[in-house]
Amino acid sequence: MVDPTVITAQEAGSDPPWLLLIHRLPPKPDYLRVKVRRRLQRLGALPLKNSVYVLPRTEEALEDLLWLQREIAAEGAEATVCEASFVAGMTNAEIAGMFSSSSAPLAGADDTDRMTPGRTWVTRQNVHVDRIASAWLIRRFIDGEARFKFVPARGYQPQPGELRFDMFEAEYTHEGDRCTFETLVKRFRLKDRALRAIGEIVHDVDCKDEKFGRPEAAGVASLIQGIARAHPADADRIERGSQLFDDLYARFRTERD
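Heads up, the sequence shown is in my numbering, so the first residue is 304 and it goes up one at a time.
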């Protein structure tokens, strides 16, 4: 909950207490409007006016909105992120009251994604590094009873209860410059340095941008290529790749300890 007394007690000259995302999206394609709306809902942002959303100002909220702004711009649309303090027409206390009465999760609150075990997780056929690693992460740390389903990259209509990952319009996929593995770690708030290290390796292999410069990336890439060549079936690739990521996880756990 946002405490209105905290907001209104801020003195003049202090940091504005709110962040605004103001976007201008084209009517087409439809998926972009759906994607932006869903992301803002997950962040706990509340609509003030058409295309204007507000969040309490935190470092995490600022990072999330900046990533979303970049994604919108990459699609050829327009978005602006700004700091704000309300003095007329609507006050800081009134905005705080909106959050107090809203069931939406606040940025920085316990908005960790949760689910009932045993879901069907859907991804693209011909799995490679990010999907193999993400499937391992899902089954080991998120949904121990997960079932996996492999479908064509485009045109699949998910069945009720299914969750998609690393595919078009998926519930869990690339966000900003994060690969799907990193998105899952962030969305489920998996606070584990070993997983973070693996995520950096997966990112460097999958995104090919050398963002983290992990020395293990080349070796992992070669092993994944070998798994893909030796095992044409996606389920076999995930089973074999899971052994690889089990070993990597043990290595980084030992390093941490």
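Here a beta-carbon is modelled for each residue, glycine too, at the ideal position from N, C-alpha and C.
Remember, predicted model here, so these are calculated numbers, not experimental data.
| Item | Value |
| --- | --- |
| Entirely within the region 457-542 and at least 4 residues each: give me those alpha helix (DSSP H) ranges in chain order. | 483-490, 496-510 and 520-533 |
| Taking only the alpha-carbon atoms, compute the straight-line gap between F402 and G502 and give it to the nearest angstrom. | 33 Å |
| With a threshold of 7 Å (Cβ to nearest heavy atom), would D507 be considered close to the ligand GDP? | With respect to small molecules bound, the structure shown includes none, and the ligand GDP cannot be examined in it. |
| For R548, which of helix, strand or coil comes out of DSSP? | Correcting the residue type first, residue 548 is Phe in the shown sequence and not Arg. Helix, per DSSP. |
| List the DSSP bridge partners of L440. | In DSSP, L440 forms no bridge with anything. |
| Could you tell me whether the region 453-466 touches the region 321-337, using the rule of 3 or more Cβ pairs below 8 Å? | no |
| Report yes or no: do the region 540-550 and the region 427-443 share at least 3 C-beta pairs separated by less than 8 Å? | yes |
| What residue from P359, T419 and P329 has the CA that sits closest to D446's CA? | T419 |
| Do V425 and R490 have their C-beta atoms within less than 8 Å of each other? | no |
| Should Q561 go down as buried or exposed, given a rule of 16 or more other Cβ atoms within 10 Å for buried? | Given that the chain is displayed from residue 304 to residue 560, the structure contains no residue 561 and the question cannot be resolved. |
| Identify which residue in K452, L358, K494 and H506 has its Cα closest to the Cα of D537. | K452 |
| Near R442, which residues of its chain fall below 6 Å by C-beta distance, leaving aside the five closest residues on each side in sequence? | A449 |
| Could you check where the alpha helix (DSSP H) with L368 kicks off and where it finishes? | E362 to A377 |
| Just the C-alpha distance for Q528 and V508, rounded to the nearest angstrom, thanks. | 11 Å |
| Which residue from L526, S525 and V505 puts its Cα closest to that of G516? | V505 |
| Within a Cβ cutoff of 7 Å, which residues of the same chain sit near P518, ignoring the five residues on either side of it in sequence? | none |
| Note down the Cα distance separating A497 from D549, rounded to an integer number of angstroms. | 11 Å |
| Look at V357 and L365 and say whether their C-beta atoms are less than 8 Å apart. | no |
| Over the uninterrupted beta strand (DSSP E) stretch that includes L346, give me the two end residues. | Here L346 belongs to no beta strand (DSSP E); instead the alpha helix (DSSP H) covers D333 to L346. |
| With DSSP as the reference, label E448 as helix, strand or coil. | coil |
| May I have the straight-line CA-CA distance separating L526 from T557, to the nearest angstrom? | 21 Å |
| Taking 8 Å as the limit between beta carbons, can you name the residues of its chain near F553, skipping five residues before and five after? | Note that residue 553 is Ala in the sequence shown, not Phe. Cβ within range, chain order: n/a, list empty. |
| What's the call for D367, buried or exposed, on a 16-neighbour Cβ count within 10 Å? | buried |
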